[in-house]
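Numbering (our numbering), first residue to last: 32 to 323.
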């Protein structure tokens with residue numbers, strides 16, 4: 032059994048690192064890890080085990096946790112933070128006349144000072160690499176410079192989501208997966224931007240997490256606008272106007288204006304909703320106008 036820690040680095044996301052058997056770590060601990068660019072400090076998010084011989088040996092991460100941060104290593108982090116602030120001011124001074132309203136979001140030295148991470152945002156694509164040379168010479172380091180988008184900006188700054196917890200992109204999620212409005216529609220969500228957009232102003236990443244479950248559950252239910260007969264309500268007929276996909280319940284509006292909540296297995300579909308060529312619901316017209 033190989034113990035693996037998910038370690039959060041502010042600008043590089045989450046790394047999976049081997050943990051020695053003699054090392055005791057807990058979520059929230061600061062640790063010193065050996066990564067591809069050298070030693071650096073991060074925060075342990077979680078610990079889990081990989082069983083060797085069951086796909087574990089060849090899937091075990093190449094990075095490793097060296098040790099839990101001591102007081103002296105925390106003091107070194109603080110010293111590097113002071114250096115990073117000086118480097119930030121020097122870089123901002125060099126790029127002060129650059130067009131595009133450049134905003135420096137994050138500047139940090141690695142634990143040993145061999146690498147300086149600079150993340151910035153701008154309203155238009157801006158190349159600031161020509162300003163890197165002077166900073167590298169002054170601070171004797173290698174500058175890792177990236178322009179980031181609005182999603183990365185939210186991840187670097189950190190914020191709370193509508194669920195009350197820290198957003199996924201600044202805790203455990205390392206890569207952004209494609210998200211589209213169809214995922215929100217499939218989950219019967221209001222398409223109000225305030226409901227489906229995250230703090231970054233883009234569609235919430237979590238729309239993707241339960242999409243497949245909602246899609247699979249919704250395939251067996253009548254679509255909005257379908258004409259159905261409710262067996263438990265005097266065989267009343269009506270149109271489907273709402274769906275609770277996970278509970279398998281439908282809201283039906285009858286001809287006399289009643290709204291009924293019915294289990295999907297207790298109704299009969301008379302006619303399914305029709306869709307036009309653009310994939311939009313056409314519903315069913317009622318000759319007597321009773322559904323209006």
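The beta carbon of each residue, even a glycine, is placed where N, CA and C say it ideally should be.
Open item on the list: What residue range does the alpha helix (DSSP H) around residue 111 cover?
Closed with: It spans 102–125 - the alpha helix (DSSP H) in which residue 111 sits, taken as one unbroken run.
Task: Distance between residue 106 and residue 93 (C-alpha atoms, nearest Å) - done: Straight-line Cα distance between these residues: approximately 28 angstroms.
Open item on the list: Please state the DSSP three-state secondary structure of residue 175.
Closed with: In this structure, residue 175 counts as strand in the three-state DSSP scheme.
Open item on the list: Using only CA atoms, which one of 127, 142, 124 lies nearest to residue 100?
Closed with: Here the closest residue by C-alpha is 142.
Task: Option in 176, 218, 109 with minimal Cα separation from residue 252 - done: Residue 218 is the option with its Cα nearest to residue 252.
Open item on the list: I need the straight-line Cα distance from residue 171 to residue 117, nearest angstrom please.
Closed with: Going from the Cα of residue 171 to the Cα of residue 117 covers about 13 angstroms.
Task: Own chain residues within Cβ distance below 6 angstroms of residue 189, not counting five before or after - done: The residues are 201.
Task: Burial state of residue 296 (16 or more Cβ within 10 Å) - done: The residue is exposed, with fewer than 16 neighbouring Cβ atoms inside 10 Å.
- [ ] With DSSP as the reference, please indicate the residues paired to residue 281 in a beta bridge.
- [x] As a beta-bridge residue in DSSP terms, residue 281 pairs with 274, 293.
TODO: Would you decide whether residue 235 is buried or exposed? Buried here means 16 or more other CB atoms lie within 10 Å of its CB.
DONE: Around the Cβ of residue 235, a 10 Å sphere holds 16 or more other Cβ atoms; the residue is buried.
Open item on the list: Quick check on this structure: which residue in 32, 45, 51, 167 has the alpha carbon closest to the alpha carbon of residue 204?
Closed with: Closest option to residue 204, Cα to Cα, is 45.
Task: Bridge-paired residues (DSSP) for residue 38 - done: For residue 38, which the question treats as bridged, DSSP gives the partners 46, 75.
- [ ] Could you tell me which residues DSSP pairs with residue 61 in its beta bridges?
- [x] Listed as beta-bridge partners of residue 61 by DSSP are 74.
Task: residue 226: first and last residue of the uninterrupted alpha helix (DSSP H) it sits in - done: That run of the alpha helix (DSSP H) goes 224–227.
- [ ] Using a threshold of 9 angstroms, state whether the C-beta atoms of residue 122 and residue 137 are closer than that.
- [x] Not in contact: residue 122 and residue 137 (Cβ atoms no closer than 9 angstroms).
Task: Limits of the unbroken beta strand (DSSP E) element including residue 148 - done: Bounds of the beta strand (DSSP E) holding residue 148 are 146–152.
- [ ] Report yes if the C-beta distance between residue 139 and residue 77 is below 9 angstroms; otherwise report no.
- [x] Not in contact: residue 139 and residue 77 (Cβ atoms no closer than 9 angstroms).
Open item on the list: Tell me the residue span of the alpha helix (DSSP H) that contains residue 181.
Closed with: For residue 181, the enclosing alpha helix (DSSP H) starts and ends at 181–188.
Open item on the list: Using 8 angstroms for Cβ pairs, my map puts residue 133 next to residue 153. What's the rounded Cβ distance?
Closed with: So it is a contact: roughly 5 angstroms between Cβ atoms.
Open item on the list: Under 8 angstroms, with one C-beta from each stretch per pair, do the segment 262–281 and the segment 225–234 reach the 3-pair mark?
Closed with: No, they do not touch.
Task: residue 186 to residue 32 span [Cα, whole Å] - done: Taking the straight line from one Cα to the other gives about 32 angstroms.
- [ ] Taking 9 angstroms as the cut-off, decide whether the C-beta atoms of residue 261 and residue 300 are in contact.
- [x] Result no, Cβ atoms of residue 261 and residue 300 do not sit closer than 9 angstroms.
Open item on the list: To the nearest angstrom, how far is the alpha carbon of residue 242 from that of residue 249?
Closed with: Roughly 10 angstroms separates the two Cα atoms.
Task: Close-in-space but distant-in-sequence residues of the same chain around residue 279 (CB under 6 angstroms, 5 per side omitted) - done: Taken in chain order, the residues that qualify are 295.
TODO: Please confirm whether residue 56 and residue 97 have their CB atoms less than 9 angstroms apart.
DONE: Here residue 56 is not near residue 97, since their CB atoms are 9 angstroms or more apart.
Open item on the list: To the nearest angstrom, how far is the alpha carbon of residue 37 from that of residue 75?
Closed with: If you draw a straight line from the Cα of residue 37 to the Cα of residue 75, it is about 6 angstroms long.
Open item on the list: Between which residues of its own chain and residue 165 is the CB-CB distance below 7 angstroms, once the five residues before and five after are set aside?
Closed with: Excluding residues up to 5 positions away in sequence, 125 lie with their Cβ nearer than 7 angstroms to the Cβ of residue 165 in the same chain.
- [ ] Assign residue 196 to one of three DSSP states: helix, strand, or coil.
- [x] Coil.
Task: Where residue 140 falls: helix, strand or coil (DSSP) - done: In the structure shown, residue 140 sits in a strand (DSSP, three-state: E or B).
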